[in-house]
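Residue numbers (the numbering used here): 25 to 224. Think of the CB as a built atom: it goes at the ideal place given N, C-alpha and C, for glycine as much as any other residue. On a predicted model such as this, the values are computed, not experimentally measured, just so you know. This report concerns only the one structure given below.
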Amino acid sequence: MKTSKIIDKGVKAALQLAETEKWGSLSLASIAEAAGLELKDFHGVADKTDLSEAVEPHFDAAMSEGSFDSDETARTRLFDVIMMRFEAMEDVRDGAMSYLRWRDRSFDGLALRLKARAATAKWALACAGLDGASKLPRGLQITALAWAIAQAERAWREETSPDLSRTMAALDAELIKIEERLEWISARRRKRQTEPQADA
């Protein structure tokens with residue numbers, strides 16, 4: 025079995041187990057059993073830490089369907105792909121919540137969160153066809169989008185509606201803020217370009 029397949033099965037099994045157990049308490053042996061694999065299948069492939077690191081990419085993969093309709097605005101395309109991610113998380117809500125609690129309350133998890141948020145933002149841009157040239161510096165673009173996703177995640181944790189209305193509202197509000205900042209920056213640049221140069 026391919027390494028990627030073993031890891032994918034391991035992550036899915038871990039999320040299932042985490043519906044009733046704390047993420048930090050899961051063992052690789054129990055994950056292997058739940059995945060229908062033997063512990064030896066993970067030898068040299070992945071341990072519990074590796075599987076924990078693979079959870080965020082697992083949810084990121086849900087965005088891979090993409091949203092590339094040129095008739096849609098950049099904000100709409102980003103909204104669509106990021107909501108695909110939250111829908112995937114919603115499908116395994118209890119397990120995902122267990123993982124998130126571990127991620128946000130452990131030293132290893134906090135370090136992972138910083139890295140994962142940037143990776144999620146980068147992949148969201150790619151899945152929306154927005155990873156090319158931008159009016160914003162690349163680093164600022166990624167940081168702003170990572171923040172927007174983080175705020176939407178906070179709303180998702182408190183979600184009570186099956187249609188994820190709270191999450192959608194939070195995400196849309198954050199993306200609008202990014203759009204407004206981008207328009208402000210563009211306006212400032214245009215103003216500087218049209219201002220007469222001072223005499224030397």
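### Query
So Ile106 and Met87 are in contact, right, with Cβ under 8 Å, and what is the actual spacing, rounded?
For the purposes of this step, residue 106 is taken as residue 82 along the sequence shown, with counting starting at 1. For the purposes of this step, residue 87 is taken as residue 63 along the sequence shown, with counting starting at 1. Confirmed, about 7 Å.
### As assigned by DSSP and simplified to three states, the class of Thr167
Locating residue 167 in the sequence shown gives position 143, counting from the first residue. In the three-state reduction of the DSSP assignment, Thr167 falls in the helix class.
### Query
Alpha carbon to alpha carbon, how far is Arg2 from Pro81?
Absent from the model: residue 2. The displayed extent of the chain is 25 to 224, so no value can be given.
### Query
Between Trp126 and Glu77, what straight-line distance do the alpha-carbon atoms span, to the nearest angstrom?
Residue numbering aside, residue 126 sits at position 102 when the sequence shown is read from its first letter. Residue numbering aside, residue 77 sits at position 53 when the sequence shown is read from its first letter. For Trp126 and Glu77, the distance between alpha carbons rounds to 12 Å.
### Query
DSSP on Ser91, reduced to helix/strand/coil?
One-based indexing of the sequence shown puts residue 91 at position 67. DSSP places Ser91 in the coil class of the three-state scheme, outside both helix and strand.
### DSSP state of Gly34 mapped onto helix, strand, coil
In the sequence shown, counting from the first residue as 1, residue 34 sits at position 10. Under the three-state reduction of DSSP output, Gly34 falls in the helix class.
### Query
Alpha carbon to alpha carbon, what distance is there between Trp171 and Ala140?
Against the sequence shown, residue 140 aligns to sequence position 116. Against the sequence shown, residue 171 aligns to sequence position 147. Spanning the two alpha carbons is a distance of roughly 12 Å.
### Task
Please report the Cβ distance between Val35 and Val69, rounded to the nearest whole angstrom; I am assuming they are in contact, meaning their Cβ atoms lie under 8 Å.
Counting from one through the sequence shown, the residue named residue 35 turns up at place 11. Counting from one through the sequence shown, the residue named residue 69 turns up at place 45. Contact flag wrong, Cβ pair sits at about 12 Å.
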